[in-house]
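Trainee: Structure provided below as C-alpha coordinates; questions to follow.
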Amino acid sequence: MGNRPAELRRAITSVFEQEGADVEVVVVGNGADLPELPEGVTTVRLPENVGIPAGRNEGVRATSGDIVLFLDDDGWYRSKDLARHVRERFAAEPALGALSFRIADPDGGPDQRRHVPRLRVGDSRKSSVVTTFLGGASAVRRTAFDEGGGLPGEFFYAHEETDLAWRIMDSGYTIEYDADAVMYHPAVAPTRHENFYRLNARNRVWLARRNLPWPLAFAYLGTWVGLTVLRERDRAALKSWFAGFREGWREDAGPRTPISWKTAWRMTRAGRPPII
1 MGNRPAELRR
11 AITSVFEQEG
21 ADVEVVVVGN
31 GADLPELPEG
41 VTTVRLPENV
51 GIPAGRNEGV
61 RATSGDIVLF
71 LDDDGWYRSK
81 DLARHVRERF
91 AAEPALGALS
101 FRIADPDGGP
111 DQRRHVPRLR
121 VGDSRKSSVV
131 TTFLGGASAV
141 RRTAFDEGGG
151 LPGEFFYAHE
161 ETDLAWRIMD
171 SGYTIEYDAD
181 AVMYHPAVAP
191 TRHENFYRLN
201 ARNRVWLARR
211 NLPWPLAFAY
221 LGTWVGLTVL
231 RERDRAALKS
241 WFAGFREGWR
251 EDAGPRTPIS
261 WKTAWRMTRA
271 GRPPII
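Next comes the structure, spelled out in C-alpha coordinates:
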(Lines of atoms letter the chains of each structure in order from A and count residues from 1; the text may use other names and numbers.)
(Lines give C-alpha, C1' and ligand atoms only; values in the text may rest on other atoms or scores of the structure.)
Protein backbone atom coordinates (compact mmCIF):
# COMPACT_ATOMS: atom_id res chain seq x y z
CA MET A 1 0.00 0.00 0.00
CA GLY A 2 3.07 2.27 -0.02
CA ASN A 3 2.64 3.45 3.57
CA ARG A 4 5.33 1.38 5.33
CA PRO A 5 8.60 1.90 3.40
CA ALA A 6 10.87 1.15 6.37
CA GLU A 7 9.01 -2.05 7.22
CA LEU A 8 9.05 -3.08 3.55
CA ARG A 9 12.83 -2.73 3.40
CA ARG A 10 13.12 -4.82 6.57
CA ALA A 11 10.96 -7.54 5.02
CA ILE A 12 12.96 -7.57 1.78
CA THR A 13 16.25 -7.68 3.66
CA SER A 14 15.10 -10.70 5.65
CA VAL A 15 14.40 -12.52 2.37
CA PHE A 16 17.69 -11.63 0.70
CA GLU A 17 19.52 -12.84 3.81
CA GLN A 18 18.18 -16.37 3.34
CA GLU A 19 20.84 -19.04 2.92
CA GLY A 20 20.75 -22.43 1.20
CA ALA A 21 17.99 -21.64 -1.32
CA ASP A 22 17.60 -19.54 -4.44
CA VAL A 23 15.10 -16.74 -3.87
CA GLU A 24 13.49 -14.07 -5.97
CA VAL A 25 11.58 -11.10 -4.58
CA VAL A 26 8.49 -9.59 -6.16
CA VAL A 27 6.87 -6.54 -4.56
CA VAL A 28 3.37 -5.53 -5.61
CA GLY A 29 2.30 -1.92 -5.35
CA ASN A 30 -1.43 -2.41 -4.84
CA GLY A 31 -2.68 0.89 -6.23
CA ALA A 32 0.33 2.64 -4.69
CA ASP A 33 3.71 3.86 -5.83
CA LEU A 34 6.69 1.91 -4.54
CA PRO A 35 9.71 3.46 -2.85
CA GLU A 36 13.24 2.87 -4.08
CA LEU A 37 13.98 -0.80 -3.49
CA PRO A 38 17.17 -2.88 -3.41
CA GLU A 39 18.66 -4.17 -6.62
CA GLY A 40 17.22 -7.49 -7.71
CA VAL A 41 13.63 -6.78 -6.66
CA THR A 42 10.95 -7.21 -9.31
CA THR A 43 8.15 -4.69 -8.95
CA VAL A 44 4.54 -4.86 -10.10
CA ARG A 45 2.63 -1.56 -9.99
CA LEU A 46 -1.16 -1.96 -10.12
CA PRO A 47 -3.18 1.11 -11.11
CA GLU A 48 -5.68 0.62 -8.28
CA ASN A 49 -6.05 -1.31 -5.05
CA VAL A 50 -7.52 -4.60 -6.24
CA GLY A 51 -7.44 -6.20 -2.77
CA ILE A 52 -5.14 -8.68 -1.09
CA PRO A 53 -5.91 -11.88 -3.06
CA ALA A 54 -5.92 -10.27 -6.51
CA GLY A 55 -2.75 -8.39 -5.66
CA ARG A 56 -1.03 -11.58 -4.57
CA ASN A 57 -2.16 -13.32 -7.75
CA GLU A 58 -0.43 -10.61 -9.77
CA GLY A 59 2.73 -11.12 -7.75
CA VAL A 60 2.64 -14.87 -8.34
CA ARG A 61 2.35 -14.30 -12.10
CA ALA A 62 5.62 -12.39 -11.95
CA THR A 63 7.50 -15.24 -10.25
CA SER A 64 9.24 -18.28 -11.69
CA GLY A 65 9.91 -20.38 -8.59
CA ASP A 66 8.48 -23.77 -7.70
CA ILE A 67 7.48 -22.55 -4.22
CA VAL A 68 5.75 -19.22 -3.53
CA LEU A 69 6.12 -17.53 -0.14
CA PHE A 70 3.73 -14.74 0.81
CA LEU A 71 5.02 -12.04 3.15
CA ASP A 72 3.20 -8.88 4.24
CA ASP A 73 5.28 -5.72 4.25
CA ASP A 74 5.18 -5.43 8.05
CA GLY A 75 6.45 -8.98 8.63
CA TRP A 76 9.92 -10.46 8.37
CA TYR A 77 11.74 -13.75 8.68
CA ARG A 78 13.54 -14.49 11.91
CA SER A 79 15.93 -17.17 10.68
CA LYS A 80 18.23 -17.16 7.66
CA ASP A 81 17.41 -20.88 7.26
CA LEU A 82 13.67 -20.51 6.67
CA ALA A 83 13.83 -20.70 2.87
CA ARG A 84 16.07 -23.75 3.01
CA HIS A 85 13.77 -25.39 5.55
CA VAL A 86 10.76 -24.73 3.32
CA ARG A 87 12.55 -25.98 0.20
CA GLU A 88 13.54 -29.23 1.93
CA ARG A 89 10.01 -29.81 3.27
CA PHE A 90 8.43 -29.51 -0.18
CA ALA A 91 11.17 -31.54 -1.86
CA ALA A 92 10.74 -34.39 0.60
CA GLU A 93 6.93 -34.44 0.51
CA PRO A 94 5.45 -34.36 -3.02
CA ALA A 95 1.88 -34.29 -1.66
CA LEU A 96 2.53 -31.22 0.48
CA GLY A 97 0.54 -28.34 -1.01
CA ALA A 98 1.05 -25.53 1.48
CA LEU A 99 2.77 -24.65 4.76
CA SER A 100 1.44 -22.19 7.30
CA PHE A 101 4.17 -20.56 9.41
CA ARG A 102 4.24 -19.81 13.12
CA ILE A 103 3.94 -16.07 13.76
CA ALA A 104 6.00 -14.85 16.69
CA ASP A 105 5.67 -11.52 18.49
CA PRO A 106 8.90 -9.53 17.95
CA ASP A 107 8.46 -7.99 21.42
CA GLY A 108 8.55 -11.40 23.07
CA GLY A 109 4.85 -11.71 23.81
CA PRO A 110 2.99 -15.02 23.55
CA ASP A 111 2.00 -16.38 20.15
CA GLN A 112 -1.53 -15.28 19.29
CA ARG A 113 -4.00 -18.16 19.19
CA ARG A 114 -5.74 -16.81 16.07
CA HIS A 115 -2.49 -17.31 14.14
CA VAL A 116 -2.63 -21.07 14.63
CA PRO A 117 -5.01 -22.36 11.92
CA ARG A 118 -6.61 -25.27 13.74
CA LEU A 119 -9.76 -25.68 15.79
CA ARG A 120 -8.00 -26.93 18.90
CA VAL A 121 -5.08 -24.53 19.03
CA GLY A 122 -3.16 -26.20 21.85
CA ASP A 123 0.58 -25.57 21.83
CA SER A 124 1.53 -23.08 19.11
CA ARG A 125 4.97 -24.74 18.96
CA LYS A 126 3.46 -28.04 17.87
CA SER A 127 3.13 -28.74 14.14
CA SER A 128 0.13 -30.52 12.66
CA VAL A 129 -1.93 -31.14 9.55
CA VAL A 130 -4.45 -28.30 9.06
CA THR A 131 -7.13 -27.30 6.55
CA THR A 132 -6.14 -23.68 5.87
CA PHE A 133 -3.12 -21.38 6.07
CA LEU A 134 -2.26 -17.80 6.93
CA GLY A 135 -1.96 -15.64 3.83
CA GLY A 136 0.95 -13.44 4.88
CA ALA A 137 2.87 -16.21 6.59
CA SER A 138 2.85 -19.15 4.25
CA ALA A 139 4.45 -21.08 1.42
CA VAL A 140 2.49 -22.74 -1.39
CA ARG A 141 3.64 -25.22 -4.01
CA ARG A 142 3.25 -23.46 -7.34
CA THR A 143 1.55 -26.44 -9.00
CA ALA A 144 -0.96 -26.64 -6.14
CA PHE A 145 -1.59 -22.91 -6.38
CA ASP A 146 -2.28 -23.23 -10.10
CA GLU A 147 -4.45 -26.35 -9.75
CA GLY A 148 -6.48 -24.55 -7.10
CA GLY A 149 -7.06 -21.64 -9.46
CA GLY A 150 -5.16 -19.12 -7.36
CA LEU A 151 -6.66 -16.87 -4.73
CA PRO A 152 -10.24 -15.63 -5.31
CA GLY A 153 -9.65 -12.04 -6.34
CA GLU A 154 -13.25 -10.98 -5.83
CA PHE A 155 -12.96 -11.62 -2.08
CA PHE A 156 -10.76 -8.49 -1.71
CA TYR A 157 -9.98 -9.35 1.94
CA ALA A 158 -10.86 -12.20 4.35
CA HIS A 159 -11.09 -15.98 3.90
CA GLU A 160 -9.33 -16.00 0.54
CA GLU A 161 -6.65 -18.39 1.86
CA THR A 162 -9.29 -20.84 3.08
CA ASP A 163 -10.99 -20.80 -0.31
CA LEU A 164 -7.71 -21.77 -1.99
CA ALA A 165 -6.79 -24.21 0.78
CA TRP A 166 -9.99 -26.21 0.37
CA ARG A 167 -9.44 -26.45 -3.37
CA ILE A 168 -5.82 -27.47 -2.84
CA MET A 169 -6.98 -30.25 -0.53
CA ASP A 170 -9.63 -31.28 -3.02
CA SER A 171 -6.83 -31.69 -5.59
CA GLY A 172 -5.22 -34.26 -3.29
CA TYR A 173 -2.63 -32.14 -1.50
CA THR A 174 -2.10 -31.75 2.24
CA ILE A 175 -1.61 -28.54 4.24
CA GLU A 176 0.48 -28.30 7.38
CA TYR A 177 1.08 -25.82 10.16
CA ASP A 178 4.86 -25.85 10.57
CA ALA A 179 5.87 -24.50 13.97
CA ASP A 180 9.55 -24.61 12.96
CA ALA A 181 8.96 -22.11 10.14
CA VAL A 182 8.86 -18.85 12.08
CA MET A 183 8.28 -15.27 11.04
CA TYR A 184 7.90 -12.07 13.03
CA HIS A 185 4.83 -9.86 12.88
CA PRO A 186 3.61 -7.17 15.29
CA ALA A 187 0.59 -8.13 17.37
CA VAL A 188 -2.33 -6.28 15.76
CA ALA A 189 -6.10 -6.84 15.71
CA PRO A 190 -7.71 -7.78 12.37
CA THR A 191 -10.65 -5.51 13.23
CA ARG A 192 -8.41 -2.52 12.43
CA HIS A 193 -9.28 -3.01 8.77
CA GLU A 194 -12.14 -0.96 7.37
CA ASN A 195 -15.19 -3.09 6.55
CA PHE A 196 -13.72 -6.05 8.48
CA TYR A 197 -17.06 -7.34 9.75
CA ARG A 198 -18.91 -6.89 6.46
CA LEU A 199 -16.25 -8.55 4.30
CA ASN A 200 -15.69 -11.30 6.86
CA ALA A 201 -19.37 -12.26 6.73
CA ARG A 202 -19.84 -11.80 2.98
CA ASN A 203 -16.81 -13.89 2.15
CA ARG A 204 -17.78 -16.63 4.57
CA VAL A 205 -21.03 -17.01 2.66
CA TRP A 206 -19.15 -16.98 -0.63
CA LEU A 207 -16.71 -19.55 0.73
CA ALA A 208 -19.56 -21.94 1.53
CA ARG A 209 -21.48 -21.28 -1.69
CA ARG A 210 -18.40 -21.88 -3.84
CA ASN A 211 -16.87 -24.87 -2.10
CA LEU A 212 -19.20 -26.92 0.08
CA PRO A 213 -21.91 -29.47 -0.73
CA TRP A 214 -25.19 -27.79 0.24
CA PRO A 215 -25.81 -29.80 3.45
CA LEU A 216 -22.36 -28.79 4.70
CA ALA A 217 -22.76 -25.22 3.46
CA PHE A 218 -25.95 -24.65 5.47
CA ALA A 219 -24.45 -26.31 8.56
CA TYR A 220 -21.26 -24.23 8.21
CA LEU A 221 -23.09 -20.92 7.89
CA GLY A 222 -25.55 -21.77 10.64
CA THR A 223 -22.65 -22.52 12.97
CA TRP A 224 -21.00 -19.18 12.21
CA VAL A 225 -24.20 -17.20 12.69
CA GLY A 226 -24.52 -18.76 16.13
CA LEU A 227 -20.88 -18.19 17.05
CA THR A 228 -20.99 -14.58 15.91
CA VAL A 229 -24.12 -13.80 17.93
CA LEU A 230 -22.62 -15.43 21.02
CA ARG A 231 -19.19 -13.81 20.71
CA GLU A 232 -19.88 -10.29 19.49
CA ARG A 233 -21.38 -7.75 21.87
CA ASP A 234 -20.94 -4.61 19.77
CA ARG A 235 -24.26 -3.77 18.08
CA ALA A 236 -22.60 -1.81 15.26
CA ALA A 237 -20.27 -4.73 14.54
CA LEU A 238 -23.20 -7.16 14.46
CA LYS A 239 -25.16 -4.88 12.13
CA SER A 240 -22.20 -4.71 9.75
CA TRP A 241 -21.67 -8.49 9.94
CA PHE A 242 -25.28 -9.33 9.09
CA ALA A 243 -25.26 -6.76 6.28
CA GLY A 244 -22.28 -8.62 4.83
CA PHE A 245 -24.02 -11.96 5.39
CA ARG A 246 -27.01 -10.78 3.33
CA GLU A 247 -24.68 -9.41 0.68
CA GLY A 248 -23.02 -12.81 0.44
CA TRP A 249 -26.33 -14.34 -0.66
CA ARG A 250 -27.34 -11.50 -2.99
CA GLU A 251 -24.06 -11.07 -4.85
CA ASP A 252 -22.41 -13.47 -7.28
CA ALA A 253 -20.05 -15.78 -5.40
CA GLY A 254 -18.19 -16.91 -8.50
CA PRO A 255 -17.97 -20.47 -9.86
CA ARG A 256 -19.37 -23.22 -7.66
CA THR A 257 -17.08 -26.28 -7.54
CA PRO A 258 -17.96 -28.13 -4.31
CA ILE A 259 -15.34 -30.30 -2.69
CA SER A 260 -15.88 -34.04 -2.63
CA TRP A 261 -17.22 -35.81 0.43
CA LYS A 262 -13.87 -37.59 0.55
CA THR A 263 -12.15 -34.23 1.00
CA ALA A 264 -14.68 -33.25 3.66
CA TRP A 265 -13.80 -36.45 5.52
CA ARG A 266 -10.07 -35.70 5.19
CA MET A 267 -10.72 -32.27 6.71
CA THR A 268 -12.66 -33.88 9.54
CA ARG A 269 -9.82 -36.30 10.23
CA ALA A 270 -7.43 -33.33 10.23
CA GLY A 271 -9.40 -31.88 13.15
CA ARG A 272 -11.63 -29.33 11.43
CA PRO A 273 -14.78 -30.61 9.75
CA PRO A 274 -16.09 -28.09 7.20
CA ILE A 275 -19.04 -27.10 9.34
CA ILE A 276 -17.02 -24.68 11.51
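Here the UniProt record's numbering is used: the first residue of the sequence shown is 1, the next is one more, and so on.
Backbone N, C-alpha and C fix where the C-beta goes; we use that ideal spot for every residue, glycine too.
1) Three or more C-beta pairs under 8 Å: does that hold for the region 25-41 against the region 106-126?
2) Round the Cβ separation of L71 and V15 to the nearest angstrom and send it over; I've been treating them as touching at under 8 Å.
3) Determine the closest residue to A91 out of Y184, R142, M267 and T43, with distance taken between C-alpha atoms.
4) Just curious, the beta strand (DSSP E) that L99 is in, first and last residue?
5) How many angstroms separate the CA atom of G75 from the CA atom of Y184?
6) What is the C-beta distance between G153 and P53, in whole angstroms, given that I count them as a contact (C-beta under 8 Å)?
7) With the cut-off set at 9 Å, would you say R61 and G135 are in Cβ contact?
8) Put A217 into one of helix, strand or coil per three-state DSSP.
9) Is F156 helix, strand or coil when you go by DSSP?
10) Using beta-carbon positions only, say whether S128 and A270 come within less than 9 Å of one another.
11) Distance, Cα to Cα, L216 vs R9?
12) Rounding to the nearest angstrom, what Cα-Cα distance links R256 and G59 in this structure?
13) Going by DSSP, what residue range makes up the alpha helix (DSSP H) through M267?
14) Need the endpoints of the beta strand (DSSP E) that R141 sits in, please.
15) What is the rounded straight-line gap between the Cα of T223 and the Cα of L207?
16) Counting C-beta neighbours from all protein chains within 10 Å, is the total for G226 16 or more, i.e. buried, or is it exposed?
17) Just how far apart, CA to CA, sit T174 and V130?
18) Using DSSP's beta-bridge definition, name the partner residues of Y184.
19) For D170, which three-state DSSP category applies?
20) If we count the other Cβ atoms within 10 Å of its Cβ and call it buried at 16 or more, is G109 buried or exposed?
21) I need the boundaries of the alpha helix (DSSP H) containing L71, first residue and last residue.
22) So for N200, helix, strand or coil by DSSP?
23) Within the same chain, show all residues whose beta-carbon is closer than 6 Å to that of N49, passing over the 5 residues directly before and after it, in chain order.
24) In chain order, what residues of the same chain have a beta carbon less than 6 Å from the beta carbon of R84, not counting five sequence neighbours either side?
25) For my contact list, E24 and G65 are in at a C-beta cut-off of 8 Å; report their separation, rounded to the angstrom.
26) Check whether the Cβ atoms of N211 and I259 sit closer than 9 Å, and answer yes or no.
27) How big is the Cα-Cα spacing for N200 and F245?
28) Measure the CB-CB distance between E247 and R209 and report whether it falls below 9 Å.
29) Just verifying my parser: in three-state terms, what is the DSSP assignment at G109?
30) Taking the alpha carbon of D146 as the reference point, which residue from P5, V68, R204 and P186 has its own alpha carbon closest?
Mentor: In brief:
1) In short, these stretches do not touch, since the Cβ pair count stays below three.
2) That belief holds up - the Cβ atoms of L71 and V15 are roughly 7 Å apart, short of 8 Å.
3) The shortest Cα separation from A91 among Y184, R142, M267 and T43 belongs to R142.
4) Note, L99: beta strand (DSSP E), L96 to A104.
5) For the pair G75 and Y184, the Cα-to-Cα distance works out to about 6 Å.
6) Yes, they are in contact, since the Cβ atoms of G153 and P53 sit about 5 Å apart, within 8 Å.
7) It is not a contact, given that the beta carbons lie outside the stated cut-off.
8) It is helical.
9) Of the three classes helix, strand and coil, the one that applies to F156 here is coil, per DSSP.
10) For the 9 Å CB-CB criterion, S128 and A270 form a contact.
11) When rounded, the distance between both Cα atoms is 44 Å.
12) As the crow flies, the alpha-carbon of R256 is around 25 Å from that of G59.
13) Looking at the DSSP string, the run of the alpha helix (DSSP H) that includes M267 is W261 to R269.
14) Here the beta strand (DSSP E) through R141 covers A137 to R141.
15) For the pair T223 and L207, the Cα-to-Cα distance works out to about 14 Å.
16) That one is exposed.
17) Cα to Cα, the separation comes out at about 8 Å.
18) Per DSSP, W76 and A104.
19) In the three-state scheme derived from DSSP, where H, G and I count as helix and E and B as strand, D170 is classed as helix.
20) If you draw a 10 Å sphere on the C-beta of G109, you find fewer than 16 other C-beta atoms in it, and that means exposed.
21) Premise fails: L71 lies in the beta strand (DSSP E), I67 to L71, not in any alpha helix (DSSP H).
22) In the structure shown, N200 adopts helical secondary structure according to DSSP, grouped into three states.
23) Excluding sequence positions up to five before and after N49, its CB lies within less than 6 Å of the CB of N30 and G31, all in the same chain and listed in chain order.
24) Cβ contact annotation for R84 (same chain, cutoff 6 Å, sequence separation greater than five): G20 and A21, in chain order.
25) Confirmed, Cβ separation roughly 6 Å.
26) Yes, the pair counts as a contact, with Cβ atoms nearer than the cut-off.
27) Approximately 8 Å between the Cα atoms of the pair.
28) In this structure, the beta-carbon distance from E247 to R209 does not fall below 9 Å.
29) Coil.
30) For the options P5, V68, R204 and P186, the alpha carbon positioned closest to that of D146 is the one of V68.
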